[in-house]
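Residue numbers (my numbering), protein chains in the order written: chain U, 1 to 169; chain H, 170 to 443; chain W, 444 to 1007. First up is the structure itself, then whatever we jot down about it.
Written out as structure tokens, the structure is:
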């Protein structure tokens, strides 16, 4: 059971970090196409950080045989993996503050997910690793909180375009 | 690192950048398509995504498989022709509510009836996005945000699942863009189902229908097993609010075309010779 | 010489079967001939006519007048008056106590009374009048009872045995009846011949060229192409899908062709109109499909059962945008095999749609023809040999390498949106210009060889036509030759891309150019005038259907043009 605990935990960790990274990359591309450069750059930075974490997790995972879980077989607390920015939370005129706020929520969700593993796992290695990951996520969250504090408040929720939407086809 | 993250959804992305607005539900469908392909370990070379015209119909170009981006409303016809001609391929047709239920409505009915072994994903955001937000067959009758119908379309939206059932679709499911993992699972089942599988996706349009972000609070996942009885399914599809997700109806029946007898006579000219 | 026989009667009276049996019997004994069918609009009942023309050659035109008219009854005969012209020396065969229409009597034709119904009743309790007609006319043509009875048994094979017995008895009864008339019959000679309709020939050509997928939506007069192919595909393998409409039919065809399977659909004017948007998709996505269009009287529902060459405009110009594609036209019934096969092969090689313009006249007529010529040309699909695959790669000849799903390392998304070489949608000027040039170049740079037209003669007067008008034009040229005019004829098989240089060369040395076509607005004449400059004086002979083109009238027009 202990072995299974660790393998399952690592499989979830790899998926969590790689999904977070993929989603940030996708959102960064989309934001760049819509000229929201500030947010695009921020999402790129988040993708990079998730990438670093992914490498760390993957190195540990490489020493273990992980279960072959299909994308819908992971056991997440919500609908998607916790660090992944939800599609419907996004708007192309998203402000940097809103983007950071969103990322902060993602980091906190990831922290909570790892923390719950740390508390509930009977396997010492798993609990130790989970606690370590939770700590790392809380550090990220703290950095984002600092960034938020330094930002001036937004003047409007979703700013409107001056032109109507396009008619591409 | 590579060893543990092979067959990932991202490997099924072509690298072409989507044109969709950030916040568009179609990103989620794209995510689910690649996850379903990864989950099933699908061979990219043997998979074809076929679409019509519209925001959602841009999806095939974003997936690293074969694809066909056709004309408005005809994706299902292209997909069926392809599958009949090349039965060994996995064919997934897709498009929007305008494409599938309005201009392509006839093909939708007949695809349900014909039961060729393909999957059809309709990304329903209740609006024509590519032409600047006009009402579609699924738009609420009082939706007055389009200059084309400033007082709302004034026409009752139709119920895609009920129509599919009446036309004979043997597999009907609904997904929501807010839950790509559930959608990926449904899509995987749709692909594996032998016959015409119809996946109706509630896919929000952030630009023209921002109120659809409210869907998150309304959608509810079906807990019971899929219905097998047509009468029960008819009652469900006619009276539900349309926000129940999951596999709703499944009743397998023979696919078309049936197994053909082997060619029996290479001589075509015998009937003409005197 | 030729002998023309019209057999008319109420729909269901069996005149078509009568005509078929006579022509097949005639063919078995070395004869040549054509059977045209004319119908009223009713599904059952109404009126119908079997129009036989027995000849000594295979230049099959509709008869301009009839030597023999056998009327099983005179109901609604007036509807055929313009198509079944009679002369004072025509023989009218009809029931003794039926009134002959005044318009027929006015010609003072020769009349032979035949108690058809009485003979049928006398021959067999289940006797049929049309089999009496087979016997009487068979005797007139010198056909044997054994042969005709054998053919009738074959034809009625699926019906109860009493039908066959009745048919045999009636044919014998008819042959024994002494009508006391004689006709001159054309010479016959043994040969390797077929009995085939243009629509069957088109289906054969398509399957022989490798068509293995057909999408079908029923329409007159194209349905029998599709019906024949349904049976043909069971012999050679492949699929036929009955689509929900023509929009589905063309797109199913495109889907199958994208899958690398040679695909085909057949339709008529209204269906072609519905298909045009997606034929444009086949142009843009470079997907090879063949659309076989059996023309009928238009516009709109028009005259579905009768012939016209009035879909040239839509076939050439019906697609939106700059959409170069192939347009071909079979010249006669036998040529439906060759031209359809050629169209399929060209479309596949050049990765573009081909529209083939047949018509009701050659499509639904059956004829005795020398074994049709086959399209032997081998056109291999260009394949990629590198790993840097680009589906729409710009090449010197404009043709890019094809790939179909299932092939490793060739994945692409075909697109009707303008695209770059890879297939990725692009609205850039450079991509648009390059892809437009490429799609035009692949058609114009290709060497179509000598089959773009059939050429005969080198006279100063050129008669130019396309498709099925060719027989009437050849016949007119023969008449003109008898009257001392030397002509040359050019029957276009390839209409788009127009082979300008070859056409100029074919016209070299001529001074008058008569453009002959069966439509009201001179569509070919307008097309050619817009497409190239001519040194010749141009004359338009454009007559709408449904009456078939007449060689005599064409010749007469030419004589007037040439009159000093």
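Don't be surprised by glycine CBs; every beta carbon is placed ideally from N, CA and C.
For residue i, collect the residues of the same chain with a Cβ closer than 8 Å to its Cβ; drop the 5 residues on either side in sequence, then sort them by chain order.
{"i": "residue 172 of chain H", "result": "Because the pLDDT at residue 172 of chain H is just 43, under 50, the model does not fix this residue reliably, and the value given afterwards should be weighed accordingly. So the list is empty, once near-sequence residues are dropped."}
Kindly list, in the order they appear in chain U, the residues whose Cβ is closer than 8 Å to that of residue i.
{"i": "residue 300 of chain H", "result": "167 and 169"}
{"i": "residue 350 of chain H", "result": "71, 72, 74, 76, 79 and 80"}
For residue i, I'd like the list of residues in its chain whose CB is within less than 6 Å of its CB, leaving aside the five on either flank, ordered along the chain.
{"i": "residue 237 of chain H", "result": "219 and 247"}
{"i": "residue 16 of chain U", "result": "81 and 83"}
{"i": "residue 724 of chain W", "result": "859"}
{"i": "residue 784 of chain W", "result": "648, 651, 652 and 818"}
{"i": "residue 856 of chain W", "result": "866"}
{"i": "residue 925 of chain W", "result": "none"}
{"i": "residue 277 of chain H", "result": "269"}
{"i": "residue 530 of chain W", "result": "508"}
{"i": "residue 566 of chain W", "result": "612, 613 and 616"}
Go ahead and pull the three-state DSSP assignment for residue i.
{"i": "residue 485 of chain W", "result": "coil"}
{"i": "residue 170 of chain H", "result": "With a pLDDT of 37 at residue 170 of chain H, under the threshold of 50, the predicted position of this residue should be treated as unreliable, though the coordinate-derived value follows. Coil."}
{"i": "residue 24 of chain U", "result": "helix"}
{"i": "residue 69 of chain U", "result": "coil"}
{"i": "residue 444 of chain W", "result": "coil"}
{"i": "residue 757 of chain W", "result": "helix"}
{"i": "residue 640 of chain W", "result": "strand"}
{"i": "residue 392 of chain H", "result": "coil"}
{"i": "residue 895 of chain W", "result": "helix"}
{"i": "residue 605 of chain W", "result": "helix"}
{"i": "residue 688 of chain W", "result": "coil"}
{"i": "residue 554 of chain W", "result": "strand"}
{"i": "residue 905 of chain W", "result": "strand"}
{"i": "residue 179 of chain H", "result": "helix"}
Using a cut-off of 7 Å between C-beta atoms, extract the partners of residue i located in chain W.
{"i": "residue 442 of chain H", "result": "637"}
Apart from the five residues just before and just after residue i, which ones in its own chain have a Cβ nearer than 7 Å to its Cβ?
{"i": "residue 282 of chain H", "result": "336 and 337"}
{"i": "residue 853 of chain W", "result": "827, 832 and 846"}
{"i": "residue 979 of chain W", "result": "905, 950, 953, 954, 955 and 956"}
List, in chain order, every chain H residue whose beta-carbon is nearer than 9 Å to that of residue i.
{"i": "residue 662 of chain W", "result": "Those within 9 Å of residue 662 of chain W in chain H number zero; the least Cβ separation is about 17 Å."}
What residue from the options has the CA that sits closest to residue i's CA?
{"i": "residue 309 of chain H", "options": "H:404, H:328 and H:194", "result": "H:328"}
{"i": "residue 718 of chain W", "options": "W:728, W:696 and W:705", "result": "W:696"}
{"i": "residue 557 of chain W", "options": "W:569, W:537, W:567 and W:542", "result": "W:537"}
{"i": "residue 1010 of chain W", "options": "W:590, W:598 and W:612", "result": "This structure cannot speak to residue 1010 of chain W, because chain W is shown only from 444 to 1007."}
{"i": "residue 364 of chain H", "options": "H:376, H:383, H:286 and H:250", "result": "H:286"}
{"i": "residue 231 of chain H", "options": "H:181, H:278, H:325 and H:206", "result": "H:181"}
{"i": "residue 20 of chain U", "options": "U:49, U:131, U:154 and U:143", "result": "U:49"}
{"i": "residue 523 of chain W", "options": "W:479, W:900 and W:541", "result": "W:479"}
{"i": "residue 830 of chain W", "options": "W:844, W:862 and W:814", "result": "W:844"}
{"i": "residue 339 of chain H", "options": "H:349, H:368 and H:207", "result": "H:368"}
{"i": "residue 466 of chain W", "options": "W:595, W:483 and W:884", "result": "W:595"}
{"i": "residue 444 of chain H", "options": "H:228, H:288 and H:211", "result": "With chain H covering only 170 through 443, there is no way to say anything about residue 444 of chain H."}
Starting from residue i, find everything on chain U with Cβ-Cβ shorter than 7 Å and list it in chain order.
{"i": "residue 117 of chain H", "result": "What the structure shows of chain H is the stretch from 170 to 443, and residue 117 of chain H is not part of that stretch, so it cannot be assessed."}
{"i": "residue 385 of chain H", "result": "88"}
{"i": "residue 359 of chain H", "result": "None at all; the shortest Cβ gap to chain U is about 13 Å."}
{"i": "residue 375 of chain H", "result": "91"}
Give the residues of chain W in contact with residue i, contact being defined as C-beta atoms less than 8 Å apart.
{"i": "residue 286 of chain H", "result": "None at all; the shortest Cβ gap to chain W is about 13 Å."}
{"i": "residue 247 of chain H", "result": "694, 695, 697, 698 and 701"}
Quick one: list the residues of chain H neighbouring residue i, beta-carbon separation under 7 Å, in chain order.
{"i": "residue 859 of chain W", "result": "238, 239 and 240"}
{"i": "residue 29 of chain U", "result": "186"}
Just the chain U side, please: which residues come within less than 9 Å of residue i by C-beta, in chain order?
{"i": "residue 204 of chain H", "result": "70, 71 and 72"}
{"i": "residue 452 of chain H", "result": "Because chain H here runs from 170 to 443, residue 452 of chain H falls outside it and cannot be looked at."}
Which residues in chain H sit within 8 Å of residue i, going by Cβ to Cβ distance?
{"i": "residue 855 of chain W", "result": "235 and 236"}
At 9 Å on the CB atoms, spell out the chain W contacts of residue i, in chain order.
{"i": "residue 214 of chain H", "result": "848, 849, 850, 851, 852, 853 and 854"}
In chain order, what are the residue ranges of uninterrupted alpha helix (DSSP H) at least 4 long that sit wholly in the stretch 336-378 of chain H?
349-361
Sequence ranges, alpha helix (DSSP H) only - wholly within the stretch 912-950 of chain W, length at least 4
912-925 and 943-950
With a floor of 3 residues, list each beta strand (DSSP E) that falls wholly inside the stretch 792-841 of chain W, ordered by position along the chain.
Taking only runs of at least 3 residues, the beta strand (DSSP E) segments lying wholly in the stretch 792-841 of chain W are 797-802 and 809-813.
Length at least 3, wholly inside the stretch 717-748 of chain W: the beta strand (DSSP E) runs in chain order
732-738
Which complete alpha helix (DSSP H) runs does the stretch 188-252 of chain H hold, if anything under 4 residues is left out?
195-209
Curious, which full-length alpha helix (DSSP H) runs of at least 4 residues does the stretch 252-323 of chain H contain?
274-283
Could I get the ranges of all uninterrupted beta strand (DSSP E) runs contained in the stretch 952-1006 of chain W, with 3 residues as the minimum, in chain order?
955-960 and 980-985
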